[in-house]
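Take a look at the structure below.
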Amino acid sequence: MREITLIEAIREAYIEEMQVDEKVFLVGQDIRGGNFPNTTGLVEMFGDDRVLDTPISETAMVGSAFGAAQMGYRPVVDFMSGGFAYVAACEVLLQSAQHYFQHGGNVSVPLVITAGVGAGLKLANEHSVTPHAMFLHHPGIKVAFPSTPYDAKGLMKSAIRDNNPVCMFWHLALMMEKGQVPEEEYLVPLGVADVKREGTDVTVVATGLQVKHALEVAANLESEVSVEVVDLRSMEPLDYEAISRSLEKTNRLVVVDEDTERCGFAAELIAQVVDKSFDLLDAPIERICIDNMPIPGGYLEAHVLPNPAKIETAIRRVIA
Amino acid sequence: MREITLIEAIREAYIEEMQVDEKVFLVGQDIRGGNFPNTTGLVEMFGDDRVLDTPISETAMVGSAFGAAQMGYRPVVDFMSGGFAYVAACEVLLQSAQHYFQHGGNVSVPLVITAGVGAGLKLANEHSVTPHAMFLHHPGIKVAFPSTPYDAKGLMKSAIRDNNPVCMFWHLALMMEKGQVPEEEYLVPLGVADVKREGTDVTVVATGLQVKHALEVAANLESEVSVEVVDLRSMEPLDYEAISRSLEKTNRLVVVDEDTERCGFAAELIAQVVDKSFDLLDAPIERICIDNMPIPGGYLEAHVLPNPAKIETAIRRVIA
Amino acid sequence: MKKSIDAKKGKGPKAKLSNDQLLTLYRNLVRADHFDKCYVRRIQAGQLISFYHAGEGGLAPGVGACSFLRKEDILWPHHRAHAQGHMLSKGIDLKYYLAEHTGKTTGCCKGRSSYHWSFPEYGVFGTSGCIGAGFSPTVGWGLACKKNGDGQITMMCCGDGGSNRGTAHESFLMANNWKLPIVYLIENNGLAIFSKHEDMHPTKDIADLAKGYGMPAVIVDGQDVIAVAEATLKAVEHARAGKGPYLIEAKTVRIQAHGVGLPDLVDYTPRSKEEIDELRERDAILICRERLLTEGLLSQELIDQIEAEATQEVADAERFADESPVADQLDLSDINKLVYAE
Amino acid sequence: MKKSIDAKKGKGPKAKLSNDQLLTLYRNLVRADHFDKCYVRRIQAGQLISFYHAGEGGLAPGVGACSFLRKEDILWPHHRAHAQGHMLSKGIDLKYYLAEHTGKTTGCCKGRSSYHWSFPEYGVFGTSGCIGAGFSPTVGWGLACKKNGDGQITMMCCGDGGSNRGTAHESFLMANNWKLPIVYLIENNGLAIFSKHEDMHPTKDIADLAKGYGMPAVIVDGQDVIAVAEATLKAVEHARAGKGPYLIEAKTVRIQAHGVGLPDLVDYTPRSKEEIDELRERDAILICRERLLTEGLLSQELIDQIEAEATQEVADAERFADESPVADQLDLSDINKLVYAE
Ligand SMILES: Cc1ncc(C[n+]2csc(CCOP(=O)(O)OP(=O)(O)O)c2C)c(N)n1
Ligand SMILES: Cc1ncc(C[n+]2csc(CCOP(=O)(O)OP(=O)(O)O)c2C)c(N)n1
Ligand SMILES: [Mg+2]
Ligand SMILES: [Mg+2]
């Protein structure tokens, strides 16, 4: 099968969905020029009224999508960097997320929020945060986070077709990662995890870049420990079944989440496992997240992020 | 001892701190007139330049505190309602919280964020949310949530004296609750839990209004179950010692948190307990939070909130 | 507190209103007033849930702005009087809103939201508890109207206080950059809770902001419903013609406290009876009635009839709401069904 | 892309600059240019971490605005050229910033933040990766300056793009309501990443916004450092005198791509060499040099000396940064010690 990069895969998702549904449009800052290559050239293909550049006016930028979505359009809002979503937190986390429920289910809000996220470029906190937990904490938005080009394309297409706000960030460190993507059309549904590697001793649950890290560690430990890597692909809806199926085999769990630890998704998953699968656990659950501090820039950044070494240590701890 | 209301206790904290430190000032919307009675009459006592009304311009309102704090002032920003903090999320969660660490510890940011929070008035989501988890997820801000007038006064005084951003919301349903408050000055330090009721069978950890609920249930169940109620008073810093001390006695834990369940503080606490006190647990931990939906207005609200009945059920489940 | 209307600003060649339209304005104003009084009475009697922000004195801008919109036009109404004047003028049957506000299953939001409204078939999608929140989706509505390409426009209303939000700036920028068919109506009643407009905005007129965006703007006497309607027709015409957004500032008043049951302060001192009496002098219904009487469009008989119809309409809405079942059942077995669209 | 400066707007009775001041401006411009080139060279060579947004073409506004501030004045500098011109003009020794930007323990933020700066003893408290974030704390700085009551002012700089944020509106409102001693400098280089000012702001001049707040504003030629300094002196005087905020829009240019290594597009097409060449014609250093030569303040000898000193200053800063230890140790045993002040 042909191989393309993750960012190219997202671009293909845009192109395919824009071709089949003229209600789909993209809005963001500097996306016509391709601030990231997922939008490069799209304005030439679809015109100025489907690829819209906005001022640095994020509340109105989200608003342009939120309003149009209520009228049957299917906008994708590109925040450029996940950290910039904070400046439109009310529009995203309250207004867009709650609109459907709060208004009696009268009006659906089919919009996608996307941005590059993730630390690794030494850019300090605002340019490095992966603020998934903040989205997950606010019911009404779905949250996906792909680890491969295949998933990125399939999830983005599902996100665009979903009748709810969906946040699909992608990780900057995976942007140029290549992977197999079929020429034929396919979807990856939201809410279906993917066992990226089978194993019997310990389950590592991860998303995004951390799936890659987990797979690396699993391969390295192959001769010692049989590691199962469950890539959730989306955190809401959450495929809890996939996790419990895996725990039934392994009885041991490591959760890796590239977001600040406190009140993050890893904590949520641990709480759910304690609630639903307590008896399956043979050891305390380990979580590997970003330490409870603003993500530093510079060389210090590396200390606070999840990485293969930390994942390995966690695995060794739960099997000890 | 004399009894005063929680909101009067906060007012006393303001008065005492404004009297001893002229760097303390209050800023918010309609606080001169006493939008809530914690600021009533303060403008007459301290003048227009220490009790400042702002337009509905929350980013600048927080900014007026954030900037002044960097220059040695000690502002208290009143958001009126906790839900309105979303419109200044970047200023609060990123800028104020990260400033100290991100700038080499050169500049401290002694400011307090406060507001009335909590559901119960059928006001629908934005006027009902208690968005603590969002604050806790962002290192750099401390978070307190009092359950009594005594604690409210003592915590607010500590918050004002703290050299960091501190968020101290107070619960609307407790506003007029009376409690003993000494005439003499005292502080309640941030990060010290208070065992509001001793017990041996099960630990209920709570904050704010839910402490009251937990105490109610504990009293009702007295003849059947010995419930220990640990009031955290602040969630960051977190007095984990107090929790583990209690668990050593009870080996059973119920966490009650009036915030949306997913990625909330209850999940965080469960993850910490699993990590640090796994062997102390004789049963899965129960969490009682707001259901994963926007808080409805109207009569439906009552269904999704923590309440004594739900707490009792959870207690019965963990001791079963 | 008295508004001094710069009469000149509101002048210019006026859009002509038909006799029917003039009567519609009067009728809608009376209806809005009846509903407003009903809500005040009910909340005081414990027959309305959550809160109510009485509209007395400030009903004309919403009625003037919304009486001649098309059904498919999009409207974000002002929160004052809980938008009842705006919504009934748009053609919405308010009984579903009263049912919502009394927590009934027949409510426009299924009893989920007390004061929220939602009538998507009339282009009113919902509201928010965050003042100034409407500026953001307005950009999207304006954009979709433009994309739809059939002359649909968006009317976005808010108070003087709401115009202080940064969302206003961002909305004005994008609406003007993209020449979106949007009419912004600022209903300036000189107060936001206890705060005086003069202290919260550095110039006399909020309409001054329009200059920064090269946006046409007009200031009208918000107690004169006809003036508001005429200004609106011009602004709407401008927007429908693809010429971009337009801002109207209507100077109006607030007779009651911000919310029913709250103290009525300015800054930190109570408003005096004299002040309020002065505000009452320019009563929008009387001003309109006077004008229509002068023009021979109203008779005492018609006045009484309109009054009676409004009374009946409110009574019907109350009966509908009161007889509807309380929405107090929530099936939490599948939360996601409630929270997410299919 | 060429800015057409409406010369009239910049005119008016000019604050008189001393010969020393004129030379200071020239010297600071040359120093800023040397540091800018150093950063471009280093980031291309992998000797600078994170990113760099080259200042070429747009250095004069920051130098003009900051060269004559008092040490205790507060400054939020623009992100362009990573504020080096602003900071050195304010008296800050840039070696600590270069050390930060190379990830060293001697950095102004202890190596924690790559591009962030922080020199509180010079009234520069820090920065943010969110464009437009400075508008908010500016209100607090202005408020504290006013409270301190000794003529201290706040200078807040940002780009045309930054002025699109809603934070600008809220900041302008509160600064004007409270008559805070704040000077807003909009460094309008006509571009924000790939976006043209013309498409992002509906009028030619961002200064138009000031009208909405009754705030005095002036437009200056941002390639003329002397004009910027003169306008700034007037604005600062106004602010120090307690007359409230002032807005300066300096029309300037951006010669290089938004960030080093990014494509240099406008909308979605590359800028042409001709366009760039045209922009280069109005070089701020040459314009200033010309003027000072005409006025007999500069000689070739002095020019060479200033050049040599700047070269030396940059070399010293580089040596300091390069010889400092890498900040790659983080004691995570007590995170709270790092994150919270005592
Ligand atoms: C973001 C936000 N901040 C503050 C409030 C509290 N609040 C509710 S109404 C109001 C005043 C609104 O004033 P204005 O827009 O002038 O409308 P009016 O009430 O005068 O009709 C305020 C401050 C809010 N609901 N949302
Ligand atoms: C809130 C936010 N939105 C978007 C960005 C991405 N961004 C960084 S610089 C920039 C352009 C800034 O333009 P301008 O203010 O004109 O300054 P210039 O770069 O032209 O000097 C943008 C959009 C950001 N950093 N923060
Ligand atoms: Mg008002
Ligand atoms: Mg620019």
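Chains as they are written, first to last, in my numbering: chain F, 20 to 339; chain X, 20 to 339; chain L, 2 to 343; chain C, 2 to 343.
Where a beta carbon is used, it is the ideal one built from N, C-alpha and C, also for glycine.
Since this is a predicted model, take the numbers as computed values, not measurements.
Residue burial annotation: L:N20 is exposed, with fewer than 16 other C-beta atoms found within 10 angstroms of its C-beta. Note: X:M90 is not bridge-paired with any residue in the DSSP secondary-structure output.
C:G112 places its beta carbon less than 7 Å from that of C:A328. Per the C-alpha coordinates, the member of F:S296, F:P303, F:L299 positioned closest to X:K295 is F:P303.
X:D213 is a Cβ neighbour of X:D250, given a cutoff of 7 Å. The C-beta distance from X:V62 to X:R51 rounds to 4 Å, short enough to meet the 8 Å contact threshold. Counting along the chain, no beta strand (DSSP E) covers X:D220, and no H or E run does either.
If you draw a straight line from the Cα of F:I289 to the Cα of X:A286, it is about 7 Å long.
Residues F195 of the same chain have their beta carbon placed closer than 6 Å to that of C:L266, with the five preceding and five following residues left out of the count. For C:Y116, the residues of chain F that pass the 8 Å Cβ criterion are L142, A143, G316, in the order they occur in the chain.
Taking 4 residues as the shortest admissible run, the stretch 120-159 of chain X contains the following complete alpha helix (DSSP H) segments, listed from N- to C-terminal end: 151-155. Closer than 7 Å to the CB of F:Q89 there is at least one CB belonging to chain L. Taking the CA atoms as reference points, X:A152 sits about 20 Å from X:K231. Here the stretch 138-148 of chain F makes no contact with the stretch 197-207 of chain F; the two share fewer than three CB pairs at distances below 8 Å.
At a beta-carbon threshold of 7 Å, the residues of chain L lying near F:E110 are S137, ordered along the chain.
With contacts defined by Cβ atoms closer than 7 Å, F:P168 and F:I23 form a contacting pair. Rounded to whole angstroms, the Cβ separation of C:S51 and C:S115 is 4 Å, and the two are in contact under 8 Å. Between the stretch 105-122 of chain F and the stretch 104-121 of chain X there are three or more C-beta pairs closer than 8 Å, enough to call the two in contact. Cα atoms of L:C159 and L:E188: separation of roughly 6 Å, rounded to the nearest angstrom. Against chain X, the CB of F:Q48 has no partner CB under 7 Å away; the residue lies outside that interface. The set of residues with CB atoms less than 6 Å from any heavy atom of ligand 3 reads, in chain order, L:G160, L:D161, L:G162, L:N190, L:L192, L:A193. Comparing alpha carbon positions, the residue from X:L324, X:T73, X:Q121 closest to X:Q48 is X:T73. DSSP places X:Q38 within a helical segment (H, G or I) once states are collapsed to three. The three-state reading of DSSP puts L:N189 in strand, counting E and B together. L:Q330 carries a coil assignment under DSSP once its states are collapsed to helix, strand and coil. As summarised for the stretch 271-341 of chain L, the continuous alpha helix (DSSP H) elements at least 4 residues long and confined to that stretch are 274-282, 285-295, 301-324, 336-340, given in chain order. In the structure shown, the three-state DSSP call for C:V140 is helix. Under the Cβ criterion of 7 Å, F:I26 is not counted among the residues facing chain X.
Relative to the Cα of X:A238, the nearest Cα in the group X:Q114, X:Q121, X:I334 belongs to X:I334.
Within chain X, no residue has its beta carbon less than 7 Å from that of L:L192; the closest one is some 10 Å off. Within the DSSP secondary-structure output, C:Y247 pairs in a beta bridge with C:V184.
In the displayed model, X:I307 falls within a strand according to three-state DSSP. Taking all protein chains in view, the Cβ of X:S100 is crowded by 16 or more other Cβ atoms within 10 Å, so the residue is classified as buried. Burial check for X:M187: the Cβ neighbour count within 10 Å reaches 16 or more, so the residue is buried. As computed with DSSP, X:Q199 is found in a beta bridge with X:E22.
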